[in-house]
Structure formats: structure tokens, C-alpha cells
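Worksheet: the structure to be examined is printed underneath.
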Amino acid sequence: MNNTFYRLPEKQVFETWAETVPAGFRMAVTMSRYLTHIKRLRDPAEPVDRFLTRAAGLDDRLGPVLIQLPPDLPARVEALEATLGLFPPHVRVAVEPRHESWWTDGVEEVLVRHNAALCWADRRNRVLTPLWRTADCGYLRLHEGTARRRMSYGARALDAWLGRLTEVFDEDADVYVYVNNDPGCAAVDNAKTLITRARAAGIAVRQNTSH
0 MNNTFYRLPE KQVFETWAET VPAGFRMAVT MSRYLTHIKR LRDPAEPVDR FLTRAAGLDD
60 RLGPVLIQLP PDLPARVEAL EATLGLFPPH VRVAVEPRHE SWWTDGVEEV LVRHNAALCW
120 ADRRNRVLTP LWRTADCGYL RLHEGTARRR MSYGARALDA WLGRLTEVFD EDADVYVYVN
180 NDPGCAAVDN AKTLITRARA AGIAVRQNTS H
């Protein structure tokens, strides 16, 4: 659910969303940009508390919370530690840094300590992040492929990502994969292809998550 990044709805809206999806559905929710892009991780207590209070309306439909950081935000290890420490253990968190200064042992240790997944990312078939496993779940965002169809991912590129995921995560781990290349509905087609190829490879797939 990406609109939560731009404007955080009231709790009642989350409750309505929970009522409209089936049992077992998990909805990934993006952290409000107030914390990540305006506060830039400073003084996280109030923004995180407000977010969690409202997102609690999803109840057991709440999936992972994505903390997407600005591309011009350099590593702030202590601020990240303080932010992650505010999430209760039952809430899964993924962190998407986008500045190369974050790729350090210290950052990896903080993520592991808080069982927070590093969000893996791809753009134009280029891996943008280290392929660290830092949590009991994984999180991958595919932003833009290079196939002939605009921004689409070809079968070989999708197979490569399936290979990376199965190499790092065991079959019991939950891995959340989101395809973000919207033009021409490429994201939908790529997601369907990825599901088909994953199942053909014997990988269990659930299609009941939303972002």
C-alpha cells in the first residue's frame, strides 16, 4: 500500500481495508514520508507510534512495513537503530536505503539485530543493493526491466532473481516480491510470469499480498 507514504490514512480506513480482503491476506504498507523524507529519521518516536496506531486497523492483515529512505540520505546508523527499536517484534519491517554509504557491516548488523529485512532492489537488470539476508523474511522490489517491451522484465531476468532468492532463502521463509514497472501493465504481466516460473521450479507462491 503505497499511498500511506504520501498521506497516512486514519485508523478507520485501515479497518475498512482489512474488511475488504480475505483471511490470510497480507498488505505491505509503506512508512509515511514524514519520517523518512521530512524528518529524515530524526526524532522517530512520534511518527512511528502514529503510524503503528493507525496501521493496527489492519489487524492480522498487516504485512511488512517498508521504510524507504531518500536517495540523498547518507547512512545514519544510530538513527536507523533508534527507528527500528520502536517496532514491536510481531511487525515485520523492511528497509530500503538508496545511498551507497549504507552498505557497511555496521548497517547490516543493525538490520540483523532488529530482524529487519534489507529491501533488495533492481533497476534495468542491475542489482542496486547487497544481497544480505538480515531477517526471517525477504523483500524485493523490481523497478524496471530491459526487455523489448517498455520497462518489462524478460524471462531470463526473472529466472535470475528466482535463483538469487532460492540461494539465500530456504523454502520456509516468506519473501515478498513487488514489481513496480507500471507502464503498459508490465508489472502485472511480469508478476504473473514470475509466479508461473516459480511454481514450475517447485517454489510455493501466494498471490494474496498488496503493495
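In numbering that gives the first Met the number 0, the protein residues as written are 0 to 210.
Every residue gets a Cβ at the ideal spot worked out from N, C-alpha and C, and that includes glycine.
Terminal residues of the continuous beta strand (DSSP E) containing residue i?
i: W16; result: From DSSP, W16 is part of no beta strand (DSSP E) but of the alpha helix (DSSP H) over 10-19.
Bridge partners for residue i per DSSP, in chain order?
i: D173; result: C136
i: V64; result: V28, V92
i: L141; result: D121, V178
i: A212; result: In the structure displayed, the chain extends from 0 to 210; residue 212 sits before or after that span and is not available.
Starting from residue i and walking both ways along the alpha helix (DSSP H), at which residues does that stretch end?
i: R25; result: First-last for R25: 25-29, but that is the beta strand (DSSP E), not the alpha helix (DSSP H).
i: A212; result: Nothing can be reported for residue 212, as the shown portion of the chain is limited to 0 through 210.
i: L232; result: Because the chain is modelled from 0 through 210, residue 232 falls outside the range shown and cannot be assessed.
i: D193; result: Contrary to the premise, residue 193 reads as Leu rather than Asp in this sequence. Residues 185-199.
i: R149; result: Careful: R149 lies outside any alpha helix (DSSP H) and carries neither H nor E.
i: F4; result: 2-5
Return helix, strand or coil for residue i, following the three-state DSSP convention.
i: R125; result: strand
i: V178; result: strand
i: H210; result: Only weak support exists for where H210 lies, its pLDDT of 49 falling under 50; the coordinates are left without a value.
i: A22; result: coil
i: A154; result: helix
i: H98; result: coil
i: A159; result: helix
i: V109; result: helix
i: L40; result: coil
i: D231; result: No answer is possible for residue 231: it lies beyond the span of the chain, which begins at 0 and ends at 210.
i: V204; result: coil
i: D104; result: helix
i: L72; result: coil
i: L130; result: coil
Suppose contacts are defined by Cβ-Cβ distances below 8 Å. Is residue i in contact with residue j by that definition?
i: R140; j: C118; result: yes
i: L57; j: W101; result: no
i: F50; j: L83; result: no
i: G201; j: F168; result: no
i: A27; j: P63; result: yes
i: N124; j: T103; result: no
i: V221; j: V47; result: Outside the modelled stretch of the chain, which goes from 0 to 210, sits residue 221, for which no answer is possible.
i: L110; j: V94; result: yes
i: A115; j: V92; result: yes
i: L161; j: R196; result: yes
i: T29; j: T3; result: yes
Give a single yes or no on whether residue i has its beta carbon closer than 7 Å to a heavy atom of the ligand HEM.
i: D58; result: Ligands displayed in this structure: none; no statement on the ligand HEM is therefore possible.
- Task: Specify whether the region 57-75 and the region 27-47 touch according to this definition: at least 3 beta carbon pairs, one from each stretch, less than 8 Å apart.
- Result: yes
- Query: Do the region 185-194 and the region 155-164 touch if we need at least three Cβ pairs shorter than 8 Å?
  - Reply: yes
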